[in-house]
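Here is the structure we will look at, set down as structure tokens.
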Amino acid sequence: MKTVLILGERAVREAKRTPDALLPTLLIPIFFLIVNTGQAAKIFPTGSTPFLEGQSYAAFQLPATLLLAASFGTAALYLVEEIENGYFDKLRATPISRGSLAMGRLSAEALKSSLMTIVILLIALPFGIRISSGPIGVVLLVVLTAGWAVGYSGFLQFVALKTRNAAATNSASLIFFPLLFLTPNFVPRNLLARPMEIAATLNPVTYMMEALRSLILVDLDWAVIGKGFAVVAGFVVITVYANIRTMAKYD
Amino acid sequence: MTPPTDSAPAPDESRPAPSAEPAITARDLVKTFTGRSGTVEAVRGVNLTVNHGEVFGFLGPNGAGKSTTVRMLTTLTGITGGSATVAGVDVATDPDGVRHKIGVALQEAGLDMRQTGRELVVLQARLFGLSRADARKRAEELLELVELTEAADRLIKGYSGGMKRRLDLASALVHRPDVLFLDEPTTGLDPASRVVVWDEVRRINAKGTTVFLTTQYLEEADQLCERLAIIDDGTIVTEGTPASLKADLRARRGLDADPTLDDVFLDVTGRQRERRAGEVSEVAS
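For the record, the sequence lines run as chains D and L.
If you number the first sequence the way this note's numbering does, the last residue is 1187 and the count never jumps.
If you number the second sequence the way this note's numbering does, the last residue is 435 and the count never jumps.
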């Protein structure tokens, strides 16, 4: 655990020194929030749209914004850079566990994502978006999004370790977009056309989105929130395990 | 070995007395890589023994298997066949044990360019288990040793090639390793920076650290190494002290004067130099 924190501290320091890499991860999701809300808000007016639970359409769109921001981690690309310049070998030659090596940057992604989520929520509040589940809901929202950031960055880090190639890693990051569009992103699942509903039901990101949406629009609906946390926990376990295995066999 | 520089420090008294066991052994070491284009046997049965406290040179042309051998000995790549020990620890069965005892400075100075020199050395020390305070103290000592104290708080991306090499050396020494592996430590450096790195290697060795050095520069091997081995096409083709290898070639060829290490190298690898389109390259005879 100590070595995870040491490597995480380094990654945070690195993020502070590269604000150019952080800024788009905040601006692009907010851009999508504004554009998607602008396009569909008139179709779904607050007063006559039951699934908005009395809030604006922007509140309905907020989970997609948070997930998008959490999917823009830089850990994998920095890892490819370190593989290419040889620093990764230097770290591999130290007597730390391969798990620490895998988790170092991911722990920093969790922190960065938490801060990013808080910033996006602070930006959203003046526009009338409320977190119906209260302070506990805000904490759960931050934890859930940070968990997603760890899982998704872990997936990209795994691709980086396998391919050792920046272009391949960058391309893999785009997989989030089809996954996002196969969720109930614009309307609840029961309003989707049947094939889309089936696709959304099979897509684990749907349960993340519904958990986040529940925290924002409804209250502490543990059945929905639980599914979101189960998805994140499973995703993190699988990706971190894949990272550790790949690092152990890395030649 | 008597260090040629006056500034060489006395042997480190805090260091435990070297054991009778060799610092490095390799027995029938083999490494094969399997890819889409087939299987390549990069190392084909290397046998070597490096004694405690010596600077051992590992020479060979490009692609001969030098770096692959180093990567196996430093636990960075798996061993396909044979066995190896470093500081008495088996490389294949106890890689973590080996990592505690070795320092590694690989080709092209692998460094994190977004950190300062001090941050990098402190981080390295902490990964070897030093407390934050002890790591800072050790970093101070090492940065002074490699004469980077003034540049310590600058980002590494602004360092010159020579400074990066010296920093890489410093970071490899944080835990006072028994064996230091240097893979082509001066490749790409200008002559002045090269001499500075040579001095550092001598100083480190004078403190009792065994140095395993790969190089393409025969002059470097002649300057630094007490013994050396030449590897070609994955196998060791000769081994000995620079003087004994030269004397052997002189006797075999009946030469009037001592040959250079370069002559020895060309003789045992069966290569000759040829100029093509203005470039000098080694070709098989």
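For every residue, glycine included, the Cβ atom is placed at its ideal position computed from N, Cα and C.
None of the values given here were measured: they were computed from a predicted structure.
Fill in: For Val1075(D), the nearest candidate out of Arg953(D), Ser1109(D), Met1183(D) and Asp1155(D) (CA to CA)
Indexing the first sequence from 1 puts residue 1075(D) at position 139. The residue with the shortest Cα to Cα distance from Val1075(D) is Asp1155(D).
Practice prompt. With 8 Å as the limit, tell me which residues of the stretch 999-1025 of chain D have their beta carbon closer than that to any beta carbon of chain L; keep them in chain order.
Written response: Glu1018, Asn1021, Gly1022, Tyr1023, Phe1024 and Asp1025
Discussion item. Counting C-beta neighbours from all protein chains within 10 Å, is the total for Gln422(L) 16 or more, i.e. buried, or is it exposed?
Written reply: Your numbering for residue 422(L) matches position 272 in the second sequence. Answer is exposed; the Cβ neighbour count stays below 16.
Worksheet item: Which residues of chain D have a Cβ atom closer than 7 Å to the Cβ of Arg276(L), listed in chain order?
Response: If you number the second sequence from 1, residue 276(L) lands on position 126. Ordered by position in chain D, the residues that pass the 7 Å Cβ test against Arg276(L) are Ile942.
Discussion item. Tell me the rounded alpha-carbon separation between Arg304(L) and Arg402(L).
Written reply: Locating residue 304(L) in the second sequence gives position 154, counting from the first residue. Locating residue 402(L) in the second sequence gives position 252, counting from the first residue. Those two C-alpha atoms are separated by around 54 Å.
Item to complete: Return helix, strand or coil for Pro166(L), following the three-state DSSP convention.
Response: The residue labelled residue 166(L) in the question sits at position 16 within the second sequence. Reliability of the predicted coordinates at Pro166(L) is poor, the pLDDT of 47 falling under 50, and the value obtained from them is presented with this limitation in mind. Here Pro166(L) sits in coil by DSSP.
Fill in: Simplified DSSP assignment, three categories, for Thr939(D)
Residue 939(D) sits at position 3 when you count from the first residue of the first sequence. Residue state, collapsed to three classes: helix.
Fill in: Same chain only: Cβ atoms within 8 Å of Thr1053(D), ignoring 5 sequence neighbours per side
The sequence position of residue 1053(D) within the first sequence is 117, counting from 1. Closer than 8 Å at Cβ, skipping near neighbours: Leu1002, Ala1005, Ala1006, Leu1077, Val1078, Thr1081 and Ala1082.
Discussion item. Taking DSSP's pairing of strands, which residues face Val361(L) in a bridge?
Written reply: Here residue 361(L) refers to the residue found at position 211 when the second sequence is read from its first residue. In the DSSP output, where bridge partners are listed per residue, Val361(L) has Val205(L) and Leu330(L).
Practice prompt. Compute the Euclidean distance between the alpha carbons of Ile1072(D) and Asp1157(D), then round it to the nearest angstrom.
Written response: The residue labelled residue 1072(D) in the question sits at position 136 within the first sequence. The residue labelled residue 1157(D) in the question sits at position 221 within the first sequence. Cα to Cα, the separation comes out at about 12 Å.
Discussion item. Here's the rule I'm using: 16 or more other beta-carbon atoms within 10 Å means buried, otherwise exposed. How should Met151(L) be labelled?
Written reply: On the second sequence, position 1 is the one that residue 151(L) refers to. Because the pLDDT at Met151(L) is just 38, under 50, the model does not fix this residue reliably, and the point stays unresolved.
Practice prompt. Report yes if the C-beta distance between Ala322(L) and Leu330(L) is below 9 Å; otherwise report no.
Written response: On the second sequence, residue 322(L) is found 172 positions in, with the first residue counted as 1. On the second sequence, residue 330(L) is found 180 positions in, with the first residue counted as 1. Yes, the Cβ-Cβ distance between Ala322(L) and Leu330(L) is below 9 Å.
Discussion item. Let's test the definition: count the other Cβ atoms within 10 Å of the Cβ of Asn355(L) and tell me whether it reaches 16, buried, or not, exposed.
Written reply: Working through the second sequence from its first residue, we reach residue 355(L) at position 205. The residue in question, Asn355(L), is buried, as its Cβ has 16 or more Cβ neighbours within 10 Å.
Discussion item. Quick check on Ser321(L) - is its C-beta less than 9 Å from some C-beta in chain D?
Written reply: Here residue 321(L) corresponds to residue number 171 of the second sequence, with the count starting at 1. Closer than 9 Å: yes.
Item to complete: May I have a chain-ordered list of the beta strand (DSSP E) segments no shorter than 3 residues that lie completely inside the stretch 1046-1132 of chain D?
Response: Whole beta strand (DSSP E) segments, 3+ residues: zero.
Worksheet item: Are the stretch 359-373 of chain L and the stretch 187-194 of chain L touching by the rule of at least three beta carbon pairs closer than 8 Å?
Response: no
Fill in: Close Cβ partners of Ser343(L) (< 8 Å) along its chain, the five nearest in sequence each way excluded
Here residue 343(L) refers to the residue found at position 193 when the second sequence is read from its first residue. Ser310, Gly311, Gly312, Arg315 and Thr336, listed in sequence order.
Worksheet item: Among the residues of its own chain, which have a CB less than 7 Å from the CB of Gly1009(D), if the five just before and after it don't count?
Response: The residue given as residue 1009(D) occupies position 73 in the first sequence. Closer than 7 Å at Cβ, skipping near neighbours: Glu1045, Ala1085, Tyr1088, Ser1089 and Leu1092.
Worksheet item: Looking only at DSSP bridge pairs, what is Thr189(L) linked to?
Response: Translated into the one-based positions of the second sequence, residue 189(L) becomes position 39. Note: Thr189(L) sits in a beta bridge opposite Thr184(L).
Worksheet item: Taking Cβ-Cβ distances shorter than 7 Å, what residues in chain D pair up with Asp246(L)?
Response: For the purposes of this step, residue 246(L) is taken as the residue at position 96 of the second sequence. Near Asp246(L) (Cβ distances below 7 Å), the residues of chain D are Pro1031.
Worksheet item: Which term fits Glu171(L), buried or exposed, when burial requires 16 or more other beta carbons within 10 angstroms of its beta carbon?
Response: Position 21 of the second sequence, counting from 1, holds the residue named residue 171(L). When all chains shown are included, Glu171(L) counts as exposed.
Discussion item. Counting only Cβ pairs nearer than 8 Å, list the residues of chain L close to Glu1133(D).
Written reply: Here the question's residue 1133(D) lines up with position 197 in the first sequence. Those do not exist, as Glu1133(D) stays about 42 Å from chain L at its closest Cβ, beyond 8 Å.
Discussion item. Against Glu191(L), what residues of chain D qualify as contacts under a CB-to-CB distance less than 8 Å, listed in chain order?
Written reply: As a position in the second sequence, residue 191(L) is number 41, starting the count at 1. Residues of chain D passing the Cβ test: none, with the nearest at roughly 15 Å.
Worksheet item: Which of helix, strand or coil does DSSP assign to Thr152(L)?
Response: As a working note, residue 152(L) is residue 2 in the second sequence. Low per-residue confidence applies at Thr152(L): pLDDT is 38, beneath 50, and the placement is therefore not dependable enough to give any value.
Practice prompt. Quick one: which residues of the stretch 1063-1091 of chain D get their C-beta closer than 8 Å to a C-beta of chain L? List them in chain order.
Written response: none
Worksheet item: Going along chain L, which residues have a C-beta under 9 Å from Thr954(D)?
Response: Locating residue 954(D) in the first sequence gives position 18, counting from the first residue. What Thr954(D) touches in chain L: Arg264.
Item to complete: List the DSSP bridge partners of Glu389(L).
Response: Indexing the second sequence from 1 puts residue 389(L) at position 239. Note: Glu389(L) sits in a beta bridge opposite Ala379(L).
Worksheet item: Do Thr973(D) and Gln997(D) have their CB atoms nearer than 9 Å?
Response: Start at 1 with the first residue of the first sequence, and residue 973(D) comes out as number 37. Start at 1 with the first residue of the first sequence, and residue 997(D) comes out as number 61. Going by C-beta atoms, Thr973(D) is nearer than 9 Å to Gln997(D).
Discussion item. When you compare the CB of Thr939(D) with every CB in chain L, is at least one pair closer than 9 Å?
Written reply: As a first step, residue 939(D) must be located in the first sequence, where it is residue number 3. Yes, contact with chain L.
Worksheet item: Which residues of chain L have a Cβ atom closer than 8 Å to the Cβ of Arg946(D), listed in chain order?
Response: Translated into positions along the first sequence, residue 946(D) becomes position 10. The contacting residues are Asp262, Gln265, Glu269 and Leu273.
Discussion item. Just to confirm before moving on: does the CB-CB distance between Phe980(D) and Leu969(D) stay below 9 Å?
Written reply: Your numbering for residue 980(D) matches position 44 in the first sequence. Your numbering for residue 969(D) matches position 33 in the first sequence. For Phe980(D) and Leu969(D), no; Cβs fall outside 9 Å.
Discussion item. I'd like the span of the alpha helix (DSSP H) that includes Gly974(D), first residue to last.
Written reply: Locating residue 974(D) in the first sequence gives position 38, counting from the first residue. Note, Gly974(D): alpha helix (DSSP H), Pro955 to Ala976.
Worksheet item: Looking only at its own chain, which residues have a Cβ that is under 6 Å from the Cβ of Val324(L), when we skip the five neighbours before and after it?
Response: Here residue 324(L) refers to the residue found at position 174 when the second sequence is read from its first residue. Contacts found: Gln274, Ala275, Phe278 and Arg288.
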